[in-house]
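Below is one structure, written out as structure tokens, with a few remarks after it.
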Amino acid sequence: MKLQSVQKVVKEEIESEIRQFKKYPDRNRSIPPDFQPGDTVWLVSKNIKTTRPTKKLSERFLGPLEVLKKIGSHAYHLKLHQQWKQVHPVFHVSLLDPVKQSTIPNKHQLSPSPVIVEE
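If you read the sequence shown in UniProt numbering, its first letter stands for residue 1, the second for the next number, and so on.
So, in structure tokens, the structure goes:
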């Protein structure tokens, strides 16, 4: 009987310490944006090799791309262009930026020309 009570106290102490240690790192974390299927996003191009001669001349963001579905808590399946068949369509939320609608009435932003991805 005594062993069970000791085990219960130790378990409560461990849970208390976990909550205490978790509190400080969570202060600096931001809540990731929640995209829904059908939303449009920009894809950060830092991990995608293009046919541009240097990274400096490459576009920083690719897209806009449509979100097809959410996979897990931090990944999204995107609808990619036909030229990007060799690129895996699932990306972490940190590589996605929401497309912001213009606040200027009757202003339409032209879509950039598609980027050619290396095979």
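Just so it is clear, CB atoms sit at the ideal spot from N, CA and C, and this is done for glycine as well.
Candidates the options, of which the one nearest residue i by Cα
i           : options           : result
residue 117 : 52, 7 and 38      : 52
residue 67  : 83, 30, 15 and 95 : 95
residue 93  : 101, 86 and 76    : 76
residue 49  : 60, 42, 41 and 40 : 60
residue 81  : 20, 46 and 63     : 63
CB-CB length for residue i against residue j, believed under 8 Å
i          : j           : result
residue 65 : residue 41  : 6 Å
residue 71 : residue 87  : In fact, because the Cβ distance is near 16 Å, the residues do not count as touching under 8 Å.
residue 74 : residue 105 : The pair is not a contact, with the Cβ atoms about 35 Å apart (cut-off 8 Å).
residue 98 : residue 34  : 10 Å between Cβ atoms; not a contact.
residue 37 : residue 69  : 5 Å
For residue i, the residue or residues it bridges with in DSSP
i           : result
residue 92  : 75
residue 65  : 41
residue 117 : 50
residue 34  : DSSP, once it has assigned bridges, lists no residue as partnering residue 34.
residue 70  : 76
First through last residue of the alpha helix (DSSP H) which encompasses residue i
i         : result
residue 3 : 2-27
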